[in-house]
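Notes for the one structure printed next.
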Amino acid sequence: MIKPVRAASLAVRLGAAAAADPAPSAAPAPDAPRLDAVAHGPSRAVLVAEDNPINALLVRALLERLGHRVTVTPDGLAAVAAWRQAVDSGRAYDVILMDLHMPGLDGLAATRQIRAHEAEQGLPAALIAALTADASPADPAAYTTAGLDAVLVKPLDRDRLEALIGHGRRGVVLAA
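Those letters in the sequence shown? Residues -19 to -1, 1 to 157, per mature numbering (1 follows the signal peptide of the UniProt record, and there is no 0), in order.
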């Protein structure tokens, strides 16, 4: 693959790889624990707010490979709606990964809305981590003020993502 990687090229290659992957003869039951999940701790419910379809695909694939249950939303407004629906149904998300730069409602504003609702309803605080391509945030205090617990710098690294989700590491910047 030629670098820098273009989104269209990556999508074509990922699609080709998925199509070429032979289906297993005996698929495990949908609720059967995955080997990765057993090796890496309990499965978590993860909400991902990411407007870039390629990034969303990659984050979903990485999280599912680690054995987590993933819901992806394309923007902050949809993320807040999905989070409220999950809370109302009694199946709150364990972790929220929030892209900071999305159209409409950005990640900081969405995080503030979630934190306000948690406070109003007396709900336990979900672990919310920012997803950003900014290696050095312009205003890290804004992240804390909005209610973010951690920052993950893109491109995501499996070990750092696993450290955040598996061990609940808060208040740290997990750079690539």
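Glycine included, C-beta positions come from ideal geometry on N, C-alpha and C.
Note that this is a predicted model, so its numbers are computed, not measured.
CB contact flag (residue i, residue j, <7 angstroms)
i, j, result
"residue 191", "L28", "With the chain covering only -19 through 157, there is no way to say anything about residue 191."
"A114", "K135", "yes"
"L43", "V51", "no"
"I144", "Y74", "Looking at the sequence shown, residue 144 is not Ile but Ala. No, the pair does not count as a contact, with Cβ atoms beyond the cut-off."
Residues bridged to residue i [DSSP beta-bridge criterion]
i, result
"I77", "L28 and I109"
"T54", "A30"
Supposed contact pair residue j and residue i - C-beta distance, whole angstroms, cut 8 angstroms
i, j, result
"A91", "M79", "6 angstroms"
"G128", "I109", "6 angstroms"
"L58", "L86", "4 angstroms"
"A30", "D56", "7 angstroms"
"R61", "A37", "Note that residue 61 is Val in the sequence shown here, rather than Arg. So it is not a contact: roughly 17 angstroms between Cβ atoms."
CA nearest to the CA of residue i, picked from the options
i, options, result
"L81", "I146, S24, N33 and R141", "N33"
"W64", "A123, A97, T126 and P121", "A97"
"A107", "D130, T125, A122 and L47", "D130"
"L104", "M83, R72 and H49", "R72"
"D138", "P84, G48 and L39", "L39"
"S24", "A100, I35 and H49", "H49"
"T126", "Q102, R93, I35 and E99", "R93"
Backbone secondary structure at residue i - three-state DSSP
i, result
"L43", "helix"
"R93", "helix"
"P23", "coil"
"H98", "helix"
"P121", "helix"
"L137", "coil"
"G71", "coil"
"L104", "coil"
"G147", "helix"
"G85", "coil"
Cβ of residue i within 7 angstroms of any chain C Cβ
i, result
"A42", "The structure shown contains no chain C; it holds only a single protein chain."
Distance cut-off 6 angstroms: residue i Cβ against heavy atoms of the ligand MN
i, result
"Y74", "Absent from the structure shown: the ligand MN. Ligands present: none."
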